[in-house]
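Take 23 as the starting number for the sequence shown in this note's numbering and just add one per residue.
Working notes, beginning with the structure itself.
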Amino acid sequence: MSEGAADTSAEDVNATGLEIEPAALAKLIESDQAELVDVRRGYEFEAGHIAGSRNVEVNDLTAAADSIPKDRTVVFYCRGGSRSAMAAEAFSQAGYDAHNLAGGLAAWVDQGHQIDPPDGEVAEPRAV
């Protein structure tokens, strides 16, 4: 994590240092120390997302890289953590303080954290 980021324990981040647990992310959000990027498709984002996050579909991340700040902790997330894990790895290798939300939005909701809209849901991905 960046210097000054909210305290996290060894249980908050996995062995690679890229995954962040929902509780640790909530602390970062509360202290305004994270840039949140939802890498799901637009319809998934509209169904429910973490407040304050922006939607950049995983296939569009390369083109959007210049708009993602390098001077902030960036947390990528998707439904279960697979798509966002690839994004976090790639951005980390490119010099970003990039992380993946462990368990994705599903884990976020399962642990009692809110999403927008308040009556939203964690949408199932549709076949292409």
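Don't be surprised by glycine CBs; every beta carbon is placed ideally from N, CA and C.
### Message
Within a Cβ cutoff of 6 angstroms, which residues of the same chain sit near G102, ignoring the five residues on either side of it in sequence?
### Response
Looking up residue 102 in the sequence shown gives position 80. These residues qualify, in order along the chain: G126, A128.
### Query
Do F98 and V61 come within 8 angstroms of each other at the CB atom, strictly closer than that value?
As a first step, residue 61 must be located in the sequence shown, where it is residue number 39. As a first step, residue 98 must be located in the sequence shown, where it is residue number 76. For V61 and F98, yes; Cβs fall inside 8 angstroms.
### Message
What would DSSP say about Y118, mapped onto helix, strand or coil?
### Response
Stepping through the sequence shown from its first residue, residue 118 is reached at position 96. If DSSP states are grouped into helix, strand and coil, Y118 belongs with coil.
### Query
Under 8 angstroms, do L58 and I72 count as touching if we go by C-beta distance?
Here the question's residue 58 lines up with position 36 in the sequence shown. Here the question's residue 72 lines up with position 50 in the sequence shown. In contact: L58 and I72 (Cβ atoms closer than 8 angstroms).
### Message
Please classify Y65 as buried or exposed, where buried requires at least 16 neighbouring CB atoms within 10 angstroms.
### Response
Locating residue 65 in the sequence shown gives position 43, where the first residue counts as 1. Flag for Y65 reads exposed.
### Message
Going by the DSSP bridge assignment, what does E41 pair with across the sheet?
### Response
Taking the first residue of the sequence shown as 1, we reach residue 41 at position 19. Its beta-bridge partners are N122.
### Query
What is the DSSP secondary structure of D60, reduced to helix, strand or coil?
For this step, residue 60 is matched to residue 38 along the sequence shown. Of the three classes helix, strand and coil, the one that applies to D60 here is strand, per DSSP.
### Query
In the DSSP assignment, what are the bridge partners of D138?
By 1-based counting over the sequence shown, the position of residue 138 is 116. D138 is bridged to H71.
#### Entry: Residue of L47, D88, A107 minimising C-alpha distance to V80
Numbered from its first residue, the sequence shown carries residue 80 at position 58. Its Cα nearest to that of V80, the residue A107 stands out among L47, D88, A107.
### Query
A86 to R148, Cα distance in whole Å?
On the sequence shown, residue 86 is found 64 positions in, with the first residue counted as 1. On the sequence shown, residue 148 is found 126 positions in, with the first residue counted as 1. Cα to Cα, A86 sits roughly 23 angstroms from R148.
### Query
Measuring CB to CB, does N174 end up less than 8 angstroms from A110?
Because the chain spans 23 through 150 in this model, residue 174 falls outside it and cannot be assessed.
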